[in-house]
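A.B. asks:
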Amino acid sequence: MVPLEAVAEVVAAAGIGGRRLRQALTQLATTPTTLDDLIREHAVPRRTIEQLLRAAGPDVHTARDGTLRLPGAYRTRFAAPQPNPSAGDAWFAARQPKPLATDIRDDAPQPSPLAAADARSGASRSKPPADASSTASQPKPLAVDARSTASQPTPLAADARSVAPQPKPLADADLVADLARLIADVPTDRALDHVSATAHTAARRARWLDETFDLSGAHLVCVGDHDLTSLAALAVRPDLRVTVVDVDERLLEFIAGAAARRGYAVDCWHADLRFGLPPVVAESADLVFTDPPYTPEGVQLFLGRGAQALRDRGNGRLVMAYGFSPLTPALGVKVQRAVLDLDLAVEAILPAFNRYHGAQAVGSASDLYVCRPTARTWQVLEKRLSGAAVNMYTHGEHSLEGAAVSRGPAELLAAPVRSVPDQIDLTGDPGPWLLRVLLALNASSLSLQLPNKSPDLIDAKSQASLRAVIAAKYTLRYRRSTPSPKLAIVEATAVEGGTKTAVGWLLAHAHGKLGNVLREGLVREHGMTKNEARARVAELVAPSWLDARLLDLPRYAITDLVRALTNTPTA
């Protein structure tokens, strides 16, 4: 094998940890360097440096003084792309990486420049200017808005990666301004511990991730993303693949819409992490970012699901924002113990890295943790997560102090069930369970008990919206304030012959792979050939959605897909 390609294999095997290797190779191809200096300056183990040198073989030139050098072709091949700060932002200019700055243990940011930068950007607690893009059309998460009033549906599926030129990285002043506008408009739910990070924090995270890890072409999964780290990361590294997993339907729609308007490709999936991770996300990520509820239960659950999302078990990292008050160090110990109970190694803690519009109990700040799985992580993960607490937030109905509620529909959502209970208890529903259970269960009739103030029952418009989505499968009857003022009953009756239509077939097979289910439904209703059905499916959903379950789609996407499928012309 050509030495250059052999070295490339070593770098590729390091995954997102390959950035330091690239920098070491670039230095060797630029300046004669001793082995000792190379190890020390780039904080790379001697064994790894020796592996690179063995792979380079005859390309390594050793001088009489013992210094080593590689041909210039290695600099061209392995030079890590540099950040591109705005010349007008002194704070970001000061944050340029020094020769040793890639050591994440030494590059802890200082709080005072951040505060000054936030003041300069105008990203204070006062509401930033409205997002100019908010006056545009509604979000088009599947690349087009199926809510159009046109008789023929426009294709939903065009993946932004295939229909738009690659966006250029934003300069930092533009990035902070764009993030400030978005953060001002992002939906907030205090029951889900939503406290927004500042625009500079989101930008700083993105820059730090890009300066620390080898992200070109990598897959970042955001486990929860109220701070819009997904959009910030794509603004800095447009060739990054990004996935967002969240329980908040409004947030998922907001991120998908903002990404589409900017030409970014973000896959958004709905998940109540207490029940599991969407199968399409499992074992797919190189890097995971999360800012979880600041309780031991919340931190362990979000980190645990993040670990399940990792594809690269050897080099993958989990990056987490977490903070505790100096007045309550015992809480910090409990949370850190929850991290260690997952057998995660803590590689770094960057103090006061994140700043927030709120969260004053912890000084409006949190630290940045970098965690790495060990071999034992995979042995204990299922056991640690099997008893995930329903109540895990710091305040609201689902806080640790909240009333105990049922474990919810975890078993009903995990896989198709043959025996359906006479009465289904959804009294702990934070909002999205009702639709998911109606999709998951196939029965002649269902009776579901849930909170009277459920978002789907709160008014006539919400009730009509749920009816419209599920109409091809069930007819619904709402019994508010029954059997008590705080509860309601929803009775669902199966539609006769519902599976004869493509929409009915889709709704009855919510656990199946979306591409297969859609194709079969189109063949059954419209008499299409399999090739014709495949072509129509390609118009309906993005390629990254073909292996996903309908259950894992955000609600806006389910609604759009049902409408587009209903309007599919007969072949």
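Numbering (this note's numbering), first residue to last: 719 to 1289. The beta-carbon is built from N, C-alpha and C at its ideal position, and this holds for glycine as well.
Using the beta-carbon count (16 or more within 10 Å), is VAL1294 buried or exposed?
C.D. replies: For residue 1294 there is no data in the structure shown, the boundaries of the chain being 719 and 1289.
A.B. asks: Would you tell me roughly how many angstroms separate the C-alpha atoms of ASP890 and ALA921, rounded to the nearest one?
C.D. replies: If you number the sequence shown from 1, residue 890 lands on position 172. If you number the sequence shown from 1, residue 921 lands on position 203. Whole-angstrom Cα-Cα distance: 7 Å.
A.B. asks: Tell me the DSSP secondary structure of VAL1280 in three-state form.
C.D. replies: Residue numbering aside, residue 1280 sits at position 562 when the sequence shown is read from its first letter. Of the three classes helix, strand and coil, the one that applies to VAL1280 here is helix, per DSSP.
A.B. asks: Nearest-angstrom Cα distance between GLY1041 and ARG1090?
C.D. replies: Position 323 of the sequence shown, counted from the start, is the residue given in the question as residue 1041. Position 372 of the sequence shown, counted from the start, is the residue given in the question as residue 1090. If you take the alpha carbons of GLY1041 and ARG1090, they lie about 19 Å apart.
A.B. asks: Pick helix, strand or coil for TYR1274, following the three-state DSSP scheme.
C.D. replies: As a position in the sequence shown, residue 1274 is number 556, starting the count at 1. It is helical.
A.B. asks: Just to confirm before moving on: does the CB-CB distance between ASP932 and ILE734 stay below 7 Å?
C.D. replies: For the purposes of this step, residue 932 is identified with residue 214 of the sequence shown, where counting begins at 1. For the purposes of this step, residue 734 is identified with residue 16 of the sequence shown, where counting begins at 1. Yes, they are a contact pair.
A.B. asks: Can you give me the Cβ contacts of ARG1237 inside the same chain, cut-off strictly under 7 Å, excluding the 5 residues immediately before and after it?
C.D. replies: As a working mapping, residue 1237 is identified with position 519 in the sequence shown. Only LYS1248, ALA1251, ARG1252 and VAL1255 meet the Cβ criterion.
A.B. asks: Enumerate in chain order the residues of its own chain whose CB-to-CB distance from THR1294 is below 6 Å, with the five nearest sequence positions on each side excluded.
C.D. replies: Because the chain in this structure spans residues 719 to 1289, residue 1294 falls outside the shown range and cannot be described.
A.B. asks: Give a yes or no on whether the C-beta atoms belonging to CYS940 and SER948 are separated by under 7 Å.
C.D. replies: The residue given as residue 940 occupies position 222 in the sequence shown. The residue given as residue 948 occupies position 230 in the sequence shown. Yes; because the gap between Cβ atoms is below 7 Å, this pair is in contact.
A.B. asks: Count the CB pairs spanning the segment 785-794 and the segment 747-760 that are closer than 8 Å, and state whether there are at least three.
C.D. replies: yes
A.B. asks: Indicate whether the contact test is met: 3 or more Cβ pairs, each with one atom in the segment 1008-1021 and one in the segment 1042-1057, closer than 8 Å.
C.D. replies: yes
A.B. asks: Using the Cα positions of SER1180 and ALA951, report the straight-line distance between them to the nearest angstrom.
C.D. replies: By one-based count along the sequence shown, residue 1180 stands at place 462. By one-based count along the sequence shown, residue 951 stands at place 233. For the pair SER1180 and ALA951, the Cα-to-Cα distance works out to about 34 Å.
A.B. asks: Going straight from the alpha carbon of GLY1081 to that of ASP896, what length do you get?
C.D. replies: The sequence position of residue 1081 within the sequence shown is 363, counting from 1. The sequence position of residue 896 within the sequence shown is 178, counting from 1. Straight-line Cα distance between these residues: approximately 25 Å.
A.B. asks: For the 8 Å Cβ check, are there 3 or more pairs between the segment 975-984 and the segment 1015-1035?
C.D. replies: no
A.B. asks: Determine which residues share a DSSP beta bridge with VAL984 and list them.
C.D. replies: The residue labelled residue 984 in the question sits at position 266 within the sequence shown. Looking at the DSSP assignment, VAL984 forms a beta bridge with VAL960.
A.B. asks: Where do the ends of the beta strand (DSSP E) carrying GLU1065 lie?
C.D. replies: Numbered from 1 along the sequence shown, position 347 holds the residue referred to as residue 1065. 1062-1073 is the span of the beta strand (DSSP E), which, as asked, contains GLU1065.
A.B. asks: Quick one: which unbroken alpha helix (DSSP H) runs of 4-plus residues sit fully inside the segment 721-775? Chain order, please.
C.D. replies: 721-731, 737-746, 753-760 and 764-774
A.B. asks: When the Cα atoms are used, what is the spatial distance from LEU938 to GLN1141?
C.D. replies: Taking the first residue of the sequence shown as position 1, residue 938 is located at position 220. Taking the first residue of the sequence shown as position 1, residue 1141 is located at position 423. Taking the straight line joining both Cα atoms gives about 40 Å.
A.B. asks: Just checking, does the segment 963-973 make contact with the segment 1268-1285 on the three C-beta pairs under 8 Å criterion?
C.D. replies: yes
A.B. asks: Any chance you could list the alpha helix (DSSP H) runs of at least 4 consecutive residues sitting entirely within the segment 1188-1273, in chain order?
C.D. replies: For the segment 1188-1273, whole alpha helix (DSSP H) runs of length 4 or above, ordered along the chain, are 1220-1226, 1232-1244 and 1248-1258.
A.B. asks: Does the separation of the CB atoms of ALA1190 and GLY1216 fall below 7 Å?
C.D. replies: One-based indexing of the sequence shown puts residue 1190 at position 472. One-based indexing of the sequence shown puts residue 1216 at position 498. Going by C-beta atoms, ALA1190 is nearer than 7 Å to GLY1216.
A.B. asks: Using the Cα positions of ALA1161 and LEU1086, report the straight-line distance between them to the nearest angstrom.
C.D. replies: Residue mapping note: residue 1161 aligns to position 443 of the sequence shown, counting from 1. Residue mapping note: residue 1086 aligns to position 368 of the sequence shown, counting from 1. It is roughly 47 Å from the alpha-carbon of ALA1161 to the alpha-carbon of LEU1086.
A.B. asks: Quick check: what's the CA-CA separation for PRO847 versus LEU900?
C.D. replies: Taking the first residue of the sequence shown as 1, we reach residue 847 at position 129. Taking the first residue of the sequence shown as 1, we reach residue 900 at position 182. Reliability of the predicted coordinates at PRO847 is poor, the pLDDT of 37 falling under 50, and the value obtained from them is presented with this limitation in mind. Their Cα atoms are separated by approximately 9 Å.
A.B. asks: So what does DSSP say about PRO1287, is it helix, strand or coil?
C.D. replies: The residue you call residue 1287 lines up with position 569 of the sequence shown. In this structure, PRO1287 counts as coil in the three-state DSSP scheme.
A.B. asks: VAL720 and LEU770 - do their beta-carbons sit closer together than 7 Å?
C.D. replies: Within the sequence shown, numbered from 1, the residue matching residue 770 stands at position 52. Within the sequence shown, numbered from 1, the residue matching residue 720 stands at position 2. The answer is no: Cβ separation not under 7 Å.
A.B. asks: Could you tell me the distance, in whole angstroms, from the CA atom of SER1104 to the CA atom of ASP1265?
C.D. replies: Indexing the sequence shown from 1 puts residue 1104 at position 386. Indexing the sequence shown from 1 puts residue 1265 at position 547. So the alpha carbons of these two residues sit roughly 25 Å apart.
A.B. asks: Excluding the 5 residues flanking SER804 on each side, which residues of the same chain have their C-beta closer than 6 Å to its C-beta?
C.D. replies: What you label residue 804 is simply residue 86 of the sequence shown in a count that begins at 1. Confidence at SER804 is low in this model, with a pLDDT of 37, below 50, so the placement of that residue should be treated as unreliable; the coordinate-derived value is given next. ALA889, ASP890 and ALA891.
A.B. asks: Under 6 Å Cβ to Cβ from ALA731, same chain only, skipping five residues before and after it: list those, please.
C.D. replies: The residue you call residue 731 lines up with position 13 of the sequence shown. Cβ neighbours of ALA731 beyond the five flanking positions: none.
A.B. asks: Ordered along the chain, which non-local residues of its own chain (more than five positions away) have a Cβ less than 8 Å from that of LEU946?
C.D. replies: In the sequence shown, residue 946 corresponds to position 228, counting from 1. Cβ-Cβ distances below 8 Å link LEU946 to LEU897, LEU900, ILE901, VAL904, ALA920, ILE973 and ALA976 in the same chain, with the five nearest sequence neighbours on each side left out; the list follows chain order.
A.B. asks: Mark THR794 as exposed unless 16 or more other C-beta atoms lie within 10 angstroms of its C-beta, in which case mark it buried.
C.D. replies: On the sequence shown, position 76 is the one that residue 794 refers to. Exposed: under 16 other Cβ atoms inside 10 Å.
A.B. asks: Quick test of your reading: GLN1018 and ALA1056, contact by CB under 8 Å. State the CB separation rounded to the nearest angstrom.
C.D. replies: Here the question's residue 1018 lines up with position 300 in the sequence shown. Here the question's residue 1056 lines up with position 338 in the sequence shown. Yes, GLN1018 and ALA1056 are in contact; Cβ-Cβ is about 4 Å, under 8 Å.
A.B. asks: Closer than 8 Å by C-beta to SER1043: which residues in its own chain qualify, once you throw out the five before and the five after it? Chain order, please.
C.D. replies: Working through the sequence shown from its first residue, we reach residue 1043 at position 325. Closer than 8 Å at Cβ, skipping near neighbours: LEU1049, ALA1079, VAL1080 and GLY1081.
A.B. asks: Would you kindly check if the distance between the Cβ of TYR1074 and the Cβ of VAL913 is under 7 Å?
C.D. replies: Numbered from its first residue, the sequence shown carries residue 913 at position 195. Numbered from its first residue, the sequence shown carries residue 1074 at position 356. In contact: VAL913 and TYR1074 (Cβ atoms closer than 7 Å).
A.B. asks: Kindly list the residues whose CB is nearer than 7 Å to the CB of ARG923, restricted to its own chain and excluding five residues on each side of it in sequence; keep chain order.
C.D. replies: Along the sequence shown, read from residue 1 onward, the residue named residue 923 stands at position 205. These residues qualify, in order along the chain: THR947 and ALA950.
A.B. asks: At 3 residues or longer, what runs of the beta strand (DSSP E) sit wholly inside the segment 917-948?
C.D. replies: 937-941
A.B. asks: If we count Cβ pairs, one from each stretch, closer than 8 Å, do we get three or more for the segment 1218-1231 versus the segment 1162-1181?
C.D. replies: no
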